[in-house]
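Trainee: Protein chains in written order, with the working numbering: chain A, 56 to 387; chain B, 56 to 387. Backbone N, C-alpha and C fix where the C-beta goes; we use that ideal spot for every residue, glycine too.
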């Protein structure tokens, strides 16, 4: 059986070639993947040139581009020929098994919700990246799709996140935690207090609150929060890591002695940087959409696009959508 | 003129001796500081022994202790002889010019609000620590006093934070930013969108939204947010820094080569760690209380308590309370 992954060639800071290269790497490494590129047909054909294997590559002409500067809702409604809109139409029609886009988060979200639509029973789709911890990958859900949440949204995120880690990471009974400002059950703001009460009743492995201080320790497989908080936690982590490496670089190049020291630690420093780089863990999954939608990072390189494409294949293969439908119906 | 700083001897993970030592260092270094210790009288006297200079040290017997395990409101109401309650009584009666406590945040907040009370016009007091950035100190307000905020609370935090950085850090026109999930004015959740509209009308130097990714870059002197978000940002920063140092230690001691490298970088690594250690920047100020209340970190060492005591003196000296009263009245 093969999986047909729709790939939006637009949205990468590094240009369409990066995305095409990444997708080609994915089909070369995985016999069960075929790819449908969405973008300017001539541009794609010219770049593919003799690598255009028609058995495994389809091209859908979609000349329009939605950028980060467009208003997502307007752009999705008006730019019918944009790569992200076309890709979602194929997903909705089951002409693609899953879609990868590194485009504007707002546009991907809006196009997915308006065109591919939600799984029946899902109140809000959530954007969920994999967050690296010292013990392995953790799903952070939601991370920006919903800035204002009701407790029932977080309840559903817990169910969907648990199913994702079970299906995609083969974790038997994923540990689901609620991001909060204290470990004890009564802690939190109005939202997390209510969400706690709903989540603890779910038939999942709820391990209670997790404080962001301990988030990298790897004591949860799924961390649930509203999209605003998720964005804060993710972006603070990124910022602190980036700043630390900047300071280190400055300190480590300040004298001959420190330069020698840094040289001896070169591979160690590379390991640490790579451990914290969440783009190496693929894209963010848009959970709750009636089809697999993987949002790649804008700064993706071919390697991370390749990972996104295999992640999309794994999602399509998993049957998770039926499980989400079933499990959400059970808790209603 | 001398300033009488009330010091709660309880609450430090390292015991009362740490706090007493820190306060003694402060009076030894600053002629204008005298200290009133609140705690078990015998314990204080025994430990002070021949360092008990009655001209500059007063002792108020307050044998009860409120711990992190007590419910703040109940404990403050019932434990009338606790060190934190007694200290706030002295502050309310102007028998202390400002108070330092490293005790339970909830108890300090509750005792301050119930006993020393708010500045007239203040809707909610806010807990504001100094956050280290690569360009210098930044005030993070609120950081845990108010988990659920209305936009008007954030508006007041912006005013109070700006005044604090002006008075205490001699910054002429402090740059005040709103922590948000995007730089553009329309970004955010319901709270930050509304707060933006209020803050931009204030007669302060509002520089717009700041994303947590750039929070350590030092482009703001005051970062405004609700207490839940502030807690997330502060604790994520702490957690990432701690985890990074743990990983570095592991990586750097993995072979003879890396151990040599780490040895050459020893002082650089120490500099970096110290730059990120916000306990070196004193305690968190409880802004909006009718008197200076400095909340020291539970893990404070004598040095950080010494800084808290001078910070309390600076607060008492500054006349900021009148300015807060005036400026909040102006925006009503």
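In the DSSP assignment, the beta strand (DSSP E) including residue 105 of chain A goes from what residue to what residue?
Mentor: That residue, residue 105 of chain A, is in no beta strand (DSSP E); it is neither H nor E in DSSP.
Trainee: For the segment 333-352 of chain A against the segment 360-375 of chain A, do three or more pairs of beta-carbon atoms, one drawn from each stretch, fall closer than 8 Å, so that the two count as touching?
Mentor: Short answer: they touch.
Trainee: Could you pull the start and end residues of the alpha helix (DSSP H) that residue 352 of chain A belongs to?
Mentor: Taken as a continuous stretch (DSSP letters only), residue 352 of chain A belongs to no alpha helix (DSSP H), as it is neither H nor E.
Trainee: Closer than 7 Å by C-beta to residue 156 of chain A: which residues in its own chain qualify, once you throw out the five before and the five after it? Chain order, please.
Mentor: So the list reads 63, 66, 139, 142, 163, 350 and 351, once near-sequence residues are dropped.
Trainee: Run through chain B and tell me which residues come within less than 7 Å of residue 268 of chain A, C-beta to C-beta.
Mentor: Result: 290, 293 and 294.
Trainee: To the nearest angstrom, report how far apart residue 135 of chain B and residue 117 of chain B are at their CA atoms.
Mentor: Each residue's alpha carbon lies about 9 Å from the other.
Trainee: Within 10 Å of its beta-carbon, does residue 264 of chain B have 16 or more other beta-carbons around it, so buried, or fewer, so exposed?
Mentor: So residue 264 of chain B ends up on the buried side.
Trainee: For residue 278 of chain A, write down the residues that DSSP places opposite it in a beta bridge.
Mentor: For residue 278 of chain A, which the question treats as bridged, DSSP gives the partners A/195 and A/232.
Trainee: Could you round the C-beta distance between residue 232 of chain A and residue 275 of chain A to whole angstroms and report it? I think they count as a contact, below 8 Å.
Mentor: That belief holds up - the Cβ atoms of residue 232 of chain A and residue 275 of chain A are roughly 4 Å apart, short of 8 Å.
Trainee: Using a Cβ cut-off of 7 Å, pull out every chain B residue sitting near residue 286 of chain A, in sequence order please.
Mentor: Those are 236, listed as they occur along chain B.
Trainee: Classify residue 189 of chain A: buried if its beta carbon has 16 or more other beta carbons within 10 angstroms, exposed otherwise.
Mentor: Flag for residue 189 of chain A reads exposed.
Trainee: So with Cβ pairs under 8 Å, would you call residue 264 of chain B a contact of chain A?
Mentor: No, residue 264 of chain B does not count as interfacial toward chain A.
Trainee: Assign residue 76 of chain B to one of three DSSP states: helix, strand, or coil.
Mentor: Reduced to three states, the DSSP call for residue 76 of chain B is helix.
Trainee: Going by beta-carbon coordinates alone, are residue 191 of chain B and residue 279 of chain B separated by less than 8 Å?
Mentor: In this structure, residue 279 of chain B does not lie closer than 8 Å to residue 191 of chain B by Cβ.
Trainee: Straight-line CA distance for residue 253 of chain B to residue 206 of chain B?
Mentor: The alpha-carbon atoms of residue 253 of chain B and residue 206 of chain B are separated by roughly 7 Å.
Trainee: Spatial neighbours of residue 82 of chain B within its chain, please: C-beta separation below 6 Å, excluding the five flanking residues on both sides.
Mentor: Taken in chain order, the residues that qualify are 88, 90 and 111.
Trainee: Give a yes or no on whether 8 Å exceeds the smallest Cβ distance from residue 221 of chain A to chain B.
Mentor: For residue 221 of chain A, the answer is no, since every Cβ of chain B falls outside 8 Å of its Cβ.
Trainee: Would you call the segment 284-302 of chain B and the segment 193-211 of chain B touching, i.e. three or more CB-CB distances under 8 Å?
Mentor: At 8 Å Cβ cutoff, the stretches touch.
Trainee: Specify whether the segment 288-308 of chain A and the segment 243-250 of chain A touch according to this definition: at least 3 beta carbon pairs, one from each stretch, less than 8 Å apart.
Mentor: Because the criterion of three Cβ pairs below 8 Å is not met, the segment 288-308 of chain A and the segment 243-250 of chain A do not touch.
Trainee: Taking 8 Å as the cut-off, does the segment 68-84 of chain B touch the segment 165-181 of chain B (at least 3 CB pairs, one atom from each stretch)?
Mentor: Taking 8 Å as the limit for Cβ pairs, the verdict is that the segment 68-84 of chain B does not touch the segment 165-181 of chain B.
Trainee: Using a Cβ-Cβ distance under 8 Å, would residue 202 of chain A count as near chain B?
Mentor: Output row for residue 202 of chain A: interface = yes.
Trainee: Report the option in B/101, B/97, B/378 and B/106 whose CA atom is closest to the CA atom of residue 342 of chain B.
Mentor: Measuring from the Cα of residue 342 of chain B, the nearest candidate turns out to be B/378.
Trainee: At the level of alpha carbons, what is the spacing between residue 150 of chain A and residue 344 of chain A?
Mentor: Approximately 16 Å, taken between the alpha carbons.
Trainee: Which residues in chain B sit within 9 Å of residue 212 of chain A, going by Cβ to Cβ distance?
Mentor: Those within 9 Å of residue 212 of chain A in chain B number zero; the least Cβ separation is about 16 Å.
Trainee: Pull out every residue of the segment 183-196 of chain B whose Cβ sits closer than 8 Å to any Cβ of chain A, in chain order.
Mentor: Hits within the stretch, in order: 189.
Trainee: Is the segment 177-188 of chain B close to the segment 255-263 of chain B, with three or more CB pairs under 8 Å?
Mentor: No, the segment 177-188 of chain B does not touch the segment 255-263 of chain B.
Trainee: Could you tell me whether the Cβ of residue 326 of chain B comes closer than 8 Å to any Cβ of chain A?
Mentor: Residue 326 of chain B counts as touching chain A.
Trainee: For the beta strand (DSSP E) that residue 341 of chain B lies in, which residues bound it at each end?
Mentor: From DSSP, the beta strand (DSSP E) with residue 341 of chain B extends over 339-342.
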